[in-house]
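Numbering (this note's numbering), first residue to last: 81 to 551.
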């Protein structure tokens, strides 16, 4: 009988293969059981093989170095209906020992420390296995299924997820300065789907309910088949609202609402928003007009003027043809900077107010991204302190124009809030007052997710980019 394990001397090569989507690994390794070739293996042979793997000594003898990975491509025929199933075995001592991915919708993962002790389900999700600025490095593959949830959590079967700039910035490692993260790093904050399971103390939702929300930093991973969320971060989806539309709202909508509340926008005031057809900008325009009762002016390019007027803008400046700071100088009671333009202060009146989601006034703003559940190491604290000093110097320079006009200036980071979503956005979505612009909808495939991130990172997207996970 030939050995169950087949060694490969290039550990770096095998690691690189694992970093990529497991389902893309080509059948470079063959497994022979009881003298049978790959084409002849059936379920009994596979069962025998897995039984053999339950012995820790056998794995250690075969693998040696705990850090090495051993990959096998297996194909067998189901004894009952003779249907063909393909999957891959991946073994390592120190972490998840064996991964089995089938051609079905429910991959399974065998896990243990040194021996195969149990089998649990996996689910596909978009993630990165290292910080990257290349969308082609984003993986769509199986990771452990979230079997256990806490008493206040909700398990969601995802139907749609929306992309936001924070998604690619997080993949690039920009958030790691504020709190450490572990790999694989799941992607996606905005979610819309159906409740699959609820914690014992969840009161607002039950299995089968349609929900949407912005996930907290502890639950990121909405671009996947399932995701866990806190009950407080979710809201019910109005019956008439599609999943793709609901997914477009949470992060961008709540950011706009909370920023306009911070700045104290009042009915009848003049509001200027730059980037009126961006993710946050379009919600700022719509809320400014229909929720706060302000007169809204914004900037877009030529082809987006009519659409932004439908959102609620009273006056629109085509920034490709004229300078908005010259046309609108000293006209706004409130300005909302969504793109990080230091010259926006020119539009604000003296002694007025301004808010930004893209330009920090000082280093203390970095603390707004911190989370108490992710303490920094001593080195991490040193890096954060240094970053604060740099941001303070740059912020002081960039905001000098606001100080020259005695403009109250602030920076806002959105906080997830399911109750606010339900109270503010559900009525506006139901009656059609707010209709989020959808730039593109991509399928939940490797190519689809990577293409969606490419479009997002290219900039100047008119509306939201959506990943359709399930129809």
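The beta-carbon is built from N, C-alpha and C at its ideal position, and this holds for glycine as well.
Exercise for the section: Put residue 535 into one of helix, strand or coil per three-state DSSP. Expected result: Here residue 535 corresponds to residue number 455 of the chain shown, with the count starting at 1. Look at residue 535 here: in three-state DSSP terms it is helix.
Practice task
Check residue 212 in the structure and name its three-state DSSP category.
Solution key: Within the chain shown, the letter at position 132 stands for residue 212. Reduced to three states, the DSSP call for residue 212 is coil.
Handout entry: Local Cβ density within 10 Å of residue 323, reported as buried at 16 or more and exposed below that
Key = Start at 1 with the first residue of the chain shown, and residue 323 comes out as number 243. Flag for residue 323 reads buried.
Problem - residue 547 beta carbon less than 7 Å from that of residue 241 - result: Here the question's residue 241 lines up with position 161 in the chain shown. Here the question's residue 547 lines up with position 467 in the chain shown. The Cβ-Cβ distance between residue 241 and residue 547 falls below 7 Å.
Problem - Whether residue 412 touches residue 457 by CB criterion (7 Å) - result: The residue given as residue 412 occupies position 332 in the chain shown. The residue given as residue 457 occupies position 377 in the chain shown. Their beta carbons are not under 7 Å apart, which means residue 412 does not touch residue 457 by this criterion.
Practice task
Using a threshold of 7 Å, state whether the C-beta atoms of residue 534 and residue 264 are closer than that.
Solution key: As a first step, residue 534 must be located in the chain shown, where it is residue number 454. As a first step, residue 264 must be located in the chain shown, where it is residue number 184. No, the Cβ-Cβ distance between residue 534 and residue 264 is not below 7 Å.
Practice task
Check the C-beta distance from residue 244 over to residue 358 and give it rounded, since I have them as a contact under 8 Å.
Solution key: Along the chain shown, one-based indexing puts residue 244 at 164. Along the chain shown, one-based indexing puts residue 358 at 278. Not really, about 10 Å apart at Cβ, beyond 8 Å.
Exercise for the section: Taking all protein chains shown into account, decide if residue 280 is buried (16 or more other Cβ within 10 angstroms of its Cβ) or exposed. Expected result: Position 200 of the chain shown, counting from 1, holds the residue named residue 280. Its Cβ having fewer than 16 others within 10 Å, residue 280 is exposed.
Handout entry: DSSP three-state assignment for residue 503, whether helix, strand or coil
Key = Locating residue 503 in the chain shown gives position 423, where the first residue counts as 1. Residue 503: helix per DSSP, three-state reduction.
Practice task
Below 6 Å CB to CB, which residues in the same chain sit around residue 230 once its five sequence neighbours on both sides are set aside?
Solution key: Residue numbering aside, residue 230 sits at position 150 when the chain shown is read from its first letter. Cβ within range, chain order: 279.
Exercise for the section: Answer yes if the stretch 209 to 225 comes into contact with the stretch 515 to 529, meaning at least three C-beta pairs across the two stretches below 8 Å, and no otherwise. Expected result: yes
Practice task
Label residue 393 either buried or exposed according to how many other C-beta atoms from any shown protein chain fall within 10 Å of its C-beta, with 16 as the threshold for buried.
Solution key: Within the chain shown, numbered from 1, the residue matching residue 393 stands at position 313. That one is buried.
Handout entry: Inside the stretch 232 to 320 only - beta strand (DSSP E) runs reaching at least 3 residues
Key = 233 to 242, 270 to 278, 290 to 294, 306 to 310 and 314 to 316
Problem - Opposing strand residues paired with residue 221 [DSSP bridges] - result: Taking the chain shown and counting its residues from 1, the one referred to as residue 221 is at position 141. Beta-bridge pairing by DSSP links residue 221 to 205.
Problem - Nearest residue (CA-CA) to residue 303, options 317, 203 and 313 - result: To locate residue 303, count along the chain shown from 1; it is residue 223. For the residues 317, 203 and 313, the minimum Cα distance to residue 303 belongs to 203.
Handout entry: Cβ neighbours of residue 352 in the same chain (closer than 6 Å, five flanking residues each side left out)
Key = Reading the chain shown from its first residue, position 272 is the one you call residue 352. Once the five neighbours on either side are set aside, the close Cβ partners of residue 352 are 377, 412, 415 and 427.
Problem - Spatially closest choice to residue 410 from 486, 361 and 438, by CA coordinates - result: Mapped onto the chain shown, residue 410 falls at position 330. The shortest C-alpha separation from residue 410 is found at 486.
Exercise for the section: Look up residue 546 in the DSSP assignment and give the residues it is bridged to. Expected result: If you number the chain shown from 1, residue 546 lands on position 466. Answer is 242 and 521, bridged to residue 546.
Problem - Assigned exposure category for residue 356 - 16 Cβ within 10 Å defines buried - result: The residue given as residue 356 occupies position 276 in the chain shown. Answer is buried; the Cβ neighbour count reaches 16.
Practice task
Have a look at 403, 366, 371 and 296 and flag the residue whose alpha-carbon is nearest the alpha-carbon of residue 379.
Solution key: Reading the chain shown from its first residue, position 299 is the one you call residue 379. Selected option, being the one with the closest Cα: 403.
Practice task
Could you round the C-beta distance between residue 239 and residue 276 to whole angstroms and report it? I think they count as a contact, below 8 Å.
Solution key: Walking along the chain shown from the start, residue 239 turns up at place 159. Walking along the chain shown from the start, residue 276 turns up at place 196. Contact doesn't hold; Cβ gap of about 11 Å is too wide.
Problem - 7 Å Cβ cutoff met for residue 433 and residue 365 - result: As a working note, residue 433 is residue 353 in the chain shown. As a working note, residue 365 is residue 285 in the chain shown. Cβ atoms of residue 433 and residue 365: not closer than 7 Å.
Handout entry: Beta-carbon gap between residue 336 and residue 372 smaller than 7 Å
Key = Translated into the one-based positions of the chain shown, residue 336 becomes position 256. Translated into the one-based positions of the chain shown, residue 372 becomes position 292. No, Cβ-Cβ distance for residue 336 and residue 372 is not below 7 Å.
Practice task
Assign residue 489 to one of two classes, buried (16 or more other C-beta atoms within 10 Å of its C-beta) or exposed (fewer than that).
Solution key: Position 409 of the chain shown, counted from the start, is the residue given in the question as residue 489. The residue in question, residue 489, is buried, as its Cβ has 16 or more Cβ neighbours within 10 Å.
Problem - Alpha-carbon spacing of residue 185 relative to residue 316, whole angstroms - result: For the purposes of this step, residue 185 is taken as the residue at position 105 of the chain shown. For the purposes of this step, residue 316 is taken as the residue at position 236 of the chain shown. In this predicted model, residue 185 has a pLDDT of only 34, less than 50, meaning its place in the structure is not dependable; the value taken from the coordinates is given anyway. About 27 Å.
Handout entry: residue 550 burial status per 10 Å Cβ neighbour count (16 or more: buried)
Key = Mapped onto the chain shown, residue 550 falls at position 470. Answer is exposed; the Cβ neighbour count stays below 16.
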